[in-house]
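A.B. asks: Provided herewith is a single structure, encoded as structure tokens, for subsequent inquiry.
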Amino acid sequence: QVQLVESGGGVVQPGGSLRLSCAVSGAFFRLKAMAWYRQDPGNQRQPVASISTAGRTTYAGSVKGRFTISRDNAKNTLYLQMNSLEYEDTAVYYCNTPDIQWQWGQGTQVTVSS
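836 is the number that the numbering used here gives to position 6 of the sequence shown; each next residue is one higher, with no gaps.
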């Protein structure tokens, strides 16, 4: 069974940075495209960024130029570097495949607050 464990969230001031990690176990990670999603209260979970097996990336318009998705296949880990954080980035962040093949992990809370 595939397990997703997100970490790295926290409280940060506007303009700050965080790096999220997603450890994937039980799957052939290197053979899977991956994505980050986020959900804030009252809204649906939405995709933020994705990365193909070849390393090609896509981003939601609201985070383009500020967030960077990457992967380390040797460590079965997905990353999301978040810079220039804004209040609107406050959410619980999750990882999964772009077509949501796996059960969701617990997510990691990111709070942007002054």
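Positions of the beta carbon are idealized from the N, C-alpha and C atoms, including for glycine.
Remember, it's a predicted structure, so these values are computed and weren't measured experimentally.
(1) Can you check the segment 842-883 for any beta strand (DSSP E) of at least 3 residues that lies completely inside it and give the ranges in chain order?
(2) Alpha carbon to alpha carbon, how far is L848 from C925?
(3) Use the C-beta contact count for G885: other C-beta atoms within 10 angstroms, 16 or more gives buried, fewer gives exposed.
(4) Locate the beta strand (DSSP E) running through S837, then write down its first and last residues.
(5) Excluding the five sequence neighbours on either side, which residues of its own chain have a C-beta within less than 6 Å of the C-beta of Q833, listed in chain order?
(6) Distance check for W866 and Y889, CA to CA, integer angstroms please.
(7) Closest by CA to Q936, which one among A921, S882 and R860?
(8) Quick one: is A904 buried, meaning 16 or more other Cβ sit within 10 Å of its Cβ, or exposed?
(9) Looking at the secondary structure, which residues open and close the beta strand (DSSP E) in which N926 lies?
(10) Under the DSSP definition of a beta bridge, which residues are partnered with D902?
C.D. replies: So, from the data block:
(1) 848-855, 864-869 and 876-881
(2) 16 Å
(3) exposed
(4) Q833 to S837
(5) Closer than 6 Å at the Cβ level, and outside the excluded window around Q833, lie S855 and G856.
(6) Answer to the nearest angstrom: the Cα atoms are 10 Å apart.
(7) A921
(8) exposed
(9) A921 to N926
(10) T907
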